[in-house]
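Count the sequence shown with this note's numbering and you get residues 12 to 474, in order. Virtual Cβ for every residue (Gly too), placed ideally from N, Cα, C. Quantities reported herein were computed from a predicted structural model and do not represent experimental measurements. Quick notes on the structure that follows.
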Amino acid sequence: MKAIVYVRISSDRKGEEAGVTRQREDCVKRAAERGWEVVEVLTDNDISASGKRLRPGFEAMLKALANDEAQVVIAWDLTRLQRNRRDEVRLYELCQRKNAQLSLVNGTELDFSTAAGRFVADSLGNVARLEIEMKSDRQKRQQLQAAQQGKRVGGRRPFGYDKDGKTLRIDEADALKAAYESILYGASLREIARTWNAQGYATGQTRYKEGHKGEPSPWRADSVRHVLLNPRNAGKRAYRDEIMGDAEWPAIVDEERWLAVKAVLENPTRQSGRPTGKRLLSGLAVCGICGATVHAGGATRRGVGNYRCSGSTGHFSRKADPVDEYVSEAVIGILSRPDAYQLLHDDTKADAKALQAEAAGLRARLDGLAVEWADGILTNDQLRAATTRLRQKLDDVNKQLTDAGRVNVLGPMVQSDDTRKAWDSLSVSQRQAVIGTLMTVVVHGPGRGVRVFDPATVELIPR
Numbered sequence: 012m013k014a015i016v017y018v019r020i021s022s023d024r025k026g027e028e029a030g031v032t033r034q035r036e037d038c039v040k041r042a043a044e045r046g047w048e049v050v051e052v053l054t055d056n057d058i059s060a061s062g063k064r065l066r067p068g069f070e071a072m073l074k075a076l077a078n079d080e081a082q083v084v085i086a087w088d089l090t091r092l093q094r095n096r097r098d099e100v101r102l103y104e105l106c107q108r109k110n111a112q113l114s115l116v117n118g119t120e121l122d123f124s125t126a127a128g129r130f131v132a133d134s135l136g137n138v139a140r141l142e143i144e145m146k147s148d149r150q151k152r153q154q155l156q157a158a159q160q161g162k163r164v165g166g167r168r169p170f171g172y173d174k175d176g177k178t179l180r181i182d183e184a185d186a187l188k189a190a191y192e193s194i195l196y197g198a199s200l201r202e203i204a205r206t207w208n209a210q211g212y213a214t215g216q217t218r219y220k221e222g223h224k225g226e227p228s229p230w231r232a233d234s235v236r237h238v239l240l241n242p243r244n245a246g247k248r249a250y251r252d253e254i255m256g257d258a259e260w261p262a263i264v265d266e267e268r269w270l271a272v273k274a275v276l277e278n279p280t281r282q283s284g285r286p287t288g289k290r291l292l293s294g295l296a297v298c299g300i301c302g303a304t305v306h307a308g309g310a311t312r313r314g315v316g317n318y319r320c321s322g323s324t325g326h327f328s329r330k331a332d333p334v335d336e337y338v339s340e341a342v343i344g345i346l347s348r349p350d351a352y353q354l355l356h357d358d359t360k361a362d363a364k365a366l367q368a369e370a371a372g373l374r375a376r377l378d379g380l381a382v383e384w385a386d387g388i389l390t391n392d393q394l395r396a397a398t399t400r401l402r403q404k405l406d407d408v409n410k411q412l413t414d415a416g417r418v419n420v421l422g423p424m425v426q427s428d429d430t431r432k433a434w435d436s437l438s439v440s441q442r443q444a445v446i447g448t449l450m451t452v453v454v455h456g457p458g459r460g461v462r463v464f465d466p467a468t469v470e471l472i473p474r
């Protein structure tokens, strides 16, 4: 008879596939002892069968049985084949329909052509699931206890830390700090993902698609978001999305900063961050005629970039470089003054924890409105009015939360020995944040036929 060997382990943290190799050797030996021809060896390495993740090897095995490519499936034991009722039913029904046999190295032969064989298979399946569920209960209790004590219980290496999950990996920790700052500056998750990929960082996961299988998985916006929302970066230990207390590992950012970024990323009105193009004042400066934002208006035939009013093409269009240079020199001049340190004083910083609690309360009230509407207590109009009011309050709290942990955007420049060098080292979004903190830039038209830059056409209104 023709046989398929199926091997699987749930966790392979070292990536050595030692567990599946041992299973494969035992299963192939079983086939030789029975005189069966092994037509294929299917492997699911580092994939738990109890979760929702697709098992490619298991699915390929079912397809091979359905196509009569084999009459026997050899596995090390029943738990390697099935870990949930759904997969068990699919496998058993297919074996019964095709008169296929299951051969377990650490077990017995299961013949589905007889009632007795099916009874034995069901009984063994029930025992296997009981063992799995009892093991799961023990693991959950151990994980809860570890979380309450602030300890790590293992798993994939977290970004920013070494394999022990407690020792900082300095270069990655610095990248994380910069990412938190960038979000508060208004950068998008996609921008951070591009930066990390360009710096050579990977997620720690591997790709599964053909052509890229086994390669490190690059960063995407969703994976960056997941990392930034992780409370471990603030030195907190969480369990099932609930923070249990301080962790045994050092924090990468302070709790206020983490809460502020969390408020930004979880704000339902947030799109994808403020667009940050190549132009310094695009979306930041305003038109001196109508007050609309100034946007980059493309380039001339000679490649010279322009600024224009986004509200009306007739208000102005002018060269961008002289305006950028004028504003940059003004910022450098302001932050180079001996009294610039006074700009760093802030005695209005909000209580981030109190704001977080207020935000949670507002979300709970929003959920309660939905229940009251479903129960007929509120009409559609009442629901709409109350929801609008609460969402406005929540949006205001989120803005305060963001400000509570906002990076001191002026600090790195004021405290630098070389203000110009510090300015040159900033990204476009960081420079925009500095400008937005110091001033409002109002751009006017240069005047008909004027070819020389006039500083009077660019107003810098202090904030």
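Closest by CA to residue i, which one among the options?
i, options, result
"glutamine 216", "Trp230, Ile446, Thr398, Ile203", "Trp230"
"leucine 366", "Leu195, Gly46, Lys273", "Lys273"
"glycine 256", "Leu389, Ile203, Gly161, Ala397", "Gly161"
"proline 242", "Glu226, Ile181, Lys224, Val264", "Val264"
"alanine 157", "Glu259, Ala204, Ile20, Glu183", "Glu259"
"arginine 205", "Ala232, Val382, Asp98", "Ala232"
"glycine 344", "Leu373, Asn95, Asp429", "Asp429"
"glycine 118", "Ala132, Thr390, Arg400, Ala127", "Ala132"
"valine 49", "Arg180, Glu80, Val238, Glu142", "Glu80"
"asparagine 278", "Asp37, Ser436, Asp406, Phe130", "Asp406"
"alanine 190", "Val238, Arg152, Thr448", "Val238"
"methionine 72", "Glu44, Ala126, Lys13, Arg33", "Lys13"
"asparagine 110", "Ala303, Thr125, Arg201", "Thr125"
So residue i is in the alpha helix (DSSP H); what residue range does that whole segment cover?
i, result
"cysteine 106", "96-109"
"tyrosine 191", "181-196"
"tyrosine 337", "331-346"
"proline 67", "67-77"
"isoleucine 446", "439-449"
"glycine 256", "From DSSP, glycine 256 is part of no alpha helix (DSSP H) but of the beta strand (DSSP E) over 253-257."
"isoleucine 203", "200-209"
"valine 425", "422-425"
"histidine 237", "232-239"
"tryptophan 260", "Careful: tryptophan 260 lies outside any alpha helix (DSSP H) and carries neither H nor E."
"glutamate 267", "266-276"
"threonine 217", "That residue, threonine 217, is in no alpha helix (DSSP H); it is neither H nor E in DSSP."
"arginine 290", "Here arginine 290 belongs to no alpha helix (DSSP H), and DSSP marks it neither H nor E."
"alanine 433", "430-435"
"leucine 89", "89-92"
From the DSSP output, in three-state form, read off residue i for me.
i, result
"cysteine 320", "strand"
"tyrosine 352", "helix"
"cysteine 301", "coil"
"alanine 14", "strand"
"alanine 307", "strand"
"arginine 462", "coil"
"proline 242", "helix"
"threonine 178", "coil"
"arginine 45", "helix"
"valine 164", "coil"
Tell me which residues share the same chain as residue i and place their Cβ nearer than 6 Å to its Cβ, disregarding the 5 neighbours each side in the sequence.
i, result
"glutamine 443", "Leu295"
"arginine 285", "Reliability of the predicted coordinates at arginine 285 is poor, the pLDDT of 49 falling under 50, and no value is obtained from them."
"arginine 163", "Gly176"
"cysteine 106", "Phe123"
"arginine 402", "none"
"proline 473", "Met450"
"leucine 135", "Leu89"
"lysine 25", "With a pLDDT of 43 at lysine 25, under the threshold of 50, the modelled position of this residue cannot be trusted, and the question is left open."
"tryptophan 384", "Leu394"
Assuming residue i and residue j make a contact with CB atoms under 8 Å, what is their CB distance in whole Å?
i, j, result
"valine 453", "glycine 299", "5 Å"
"alanine 86", "leucine 115", "6 Å"
"alanine 375", "valine 408", "Incorrect: roughly 13 Å between the Cβ atoms, too far for contact."
"leucine 292", "valine 439", "Incorrect: roughly 10 Å between the Cβ atoms, too far for contact."
"valine 275", "leucine 346", "That belief does not hold up - the Cβ atoms of valine 275 and leucine 346 are roughly 25 Å apart, past 8 Å."
"serine 234", "threonine 214", "5 Å"
Identify, in the order they occur along the chain, each residue of the same chain with its Cβ nearer than 8 Å to the Cβ of residue i, setting aside the five sequence neighbours on each side.
i, result
"glycine 458", "Asp465, Thr468"
"arginine 218", "Lys224, Gly225, Glu226, Pro227, Ser228"
"phenylalanine 69", "Tyr17, Arg19, Leu53, Asp55, Ala60, Leu92, Asp98"
With residue i as the anchor, note down where its beta strand (DSSP E) starts and where it stops.
i, result
"leucine 53", "48-56"
"leucine 113", "112-115"
"lysine 247", "247-250"
"aspartate 122", "120-122"
"glutamate 470", "469-473"
"alanine 86", "83-86"
Could you name the residues of the same chain whose beta carbon sits closer than 7 Å to that of residue i, not counting the 5 residues immediately before and after it, in chain order?
i, result
"proline 333", "Phe464"
"asparagine 308", "Going by the sequence as given, residue 308 is glycine instead of asparagine. Same-chain partners within the cutoff: Asn317, Tyr318, Arg319, Ser328."
"lysine 40", "none"
"cysteine 301", "Cys320, Gly322, Ser323, His326"
"aspartate 37", "Trp87, Val116"
"tyrosine 352", "Val425"
Beta-carbon of residue i versus every beta-carbon of chain B: anything under 8 Å?
i, result
"glutamine 93", "Among the chains of the structure shown, chain B does not appear; only one protein chain is present."
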